[in-house]
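Visitor:
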Amino acid sequence: MAKILIVDDAKFMRLTLTNILKKANHEVVGEAENGKQAIQLFRELNPDLVTMDITMPEMSGLEAMKIIRQDTPAAKIIMCSAMGQQRMVVEAIEAGAKDFIVKPFDEVRVIDAVTRVLN
Numbered sequence: 001m002a003k004i005l006i007v008d009d010a011k012f013m014r015l016t017l018t019n020i021l022k023k024a025n026h027e028v029v030g031e032a033e034n035g036k037q038a039i040q041l042f043r044e045l046n047p048d049l050v051t052m053d054i055t056m057p058e059m060s061g062l063e064a065m066k067i068i069r070q071d072t073p074a075a076k077i078i079m080c081s082a083m084g085q086q087r088m089v090v091e092a093i094e095a096g097a098k099d100f101i102v103k104p105f106d107e108v109r110v111i112d113a114v115t116r117v118l119n
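If you count the sequence shown from 1, position 26 lands on 26 in the UniProt record's numbering, and the numbers rise without skipping.
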């Protein structure tokens, strides 16, 4: 069972991911709605994995990921993006994201990505 931090500015998206992850026996240890909260919670909770939305107010997922990975190079982060954000996804992978999942979330794809990144 992995400890997972979910970062997304949309409560509905956080809820959707929480339900998918709990069904797969993972523990959601925290939720953040922007990049600044994500960094703070990452430092407090030290999760095994982070799902990080790319586009958020205050600080983007991309910026937050770069800061988290400076602090913790081994951090495992899966980026989440809406369709049509391929350029940002490529940038995220180059900056150290382990995988990405596309919204709307496909349960099987989410679990596959999480399992692969954790192992």
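Virtual Cβ for every residue (Gly too), placed ideally from N, Cα, C.
First and last residue of the beta strand (DSSP E) that includes residue 3?
Guide: From DSSP, the beta strand (DSSP E) with residue 3 extends over 3-7.
Visitor: Near residue 25, which residues of its chain fall below 6 angstroms by C-beta distance, leaving aside the five closest residues on each side in sequence?
Guide: Answer for residue 25: 1, listed in chain order.
Visitor: On the DSSP bridge assignment, give the partners of residue 84 in chain order.
Guide: Answer is none; residue 84 lacks a bridge partner.
Visitor: Start and end of the alpha helix (DSSP H) containing residue 71?
Guide: Its alpha helix (DSSP H) spans residues 61-71.
Visitor: Going by beta carbon distance, what residues of the same chain come within less than 7 angstroms of residue 89, once the five residues before and after it are set aside?
Guide: Taken in chain order, the residues that qualify are 79, 81 and 100.
Visitor: Alpha carbons only, please: which of 55, 49 and 19 is nearest the one belonging to residue 35?
Guide: Of 55, 49 and 19, the residue nearest in Cα terms is 55.
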